[in-house]
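Asker: Please find one structure pasted underneath; my questions will follow.
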Amino acid sequence: MKSQPDFHTRAEIDQLVEEIYGTLETTEERLDRRCDDIYFLMDLSISALTSKIEAIQGELVEIQSYIARRPEASATTNQPTFLDRNRSTTLQTESG
1 MKSQPDFHTR AEIDQLVEEI YGTLETTEER LDRRCDDIYF LMDLSISALT SKIEAIQGEL
61 VEIQSYIARR PEASATTNQP TFLDRNRSTT LQTESG
């Protein structure tokens, strides 16, 4: 038993095509809005992080220049730190 093919008039086909394009347009608009929502939030977050990084870099430069200007800076750079002295003492104790 053969099924009869569905025949549609030109007006019915035009109506179906119009509905398809309308649905596609609505879907595209929704996706565009969603992408914009995601993009703009990420862009704001990235901008905020960039600003914070720049501020931290500026603070590091200030700290480095402060350390370099200290009179004891040159004298202490060649002296072992507490950790170095502690490690040296530990090694001497272990080796006898």
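Using the UniProt record's numbering, count along the sequence shown one by one with no gaps and you end on 96.
Ideal Cβ placement from N, Cα and C applies to all residues, glycine included.
Return helix, strand or coil for F40, following the three-state DSSP convention.
Answerer: Note: F40 maps to helix in three-state DSSP.
Asker: To the nearest angstrom, report how far apart A55 and S47 are at their CA atoms.
Answerer: Cα to Cα, A55 sits roughly 12 angstroms from S47.
Asker: CA-CA distance, I13 and S45?
Answerer: Taking the straight line from one Cα to the other gives about 48 angstroms.
Asker: What's the C-alpha gap between L49 and F40?
Answerer: Distance between the alpha carbons of L49 and F40 is about 14 angstroms.
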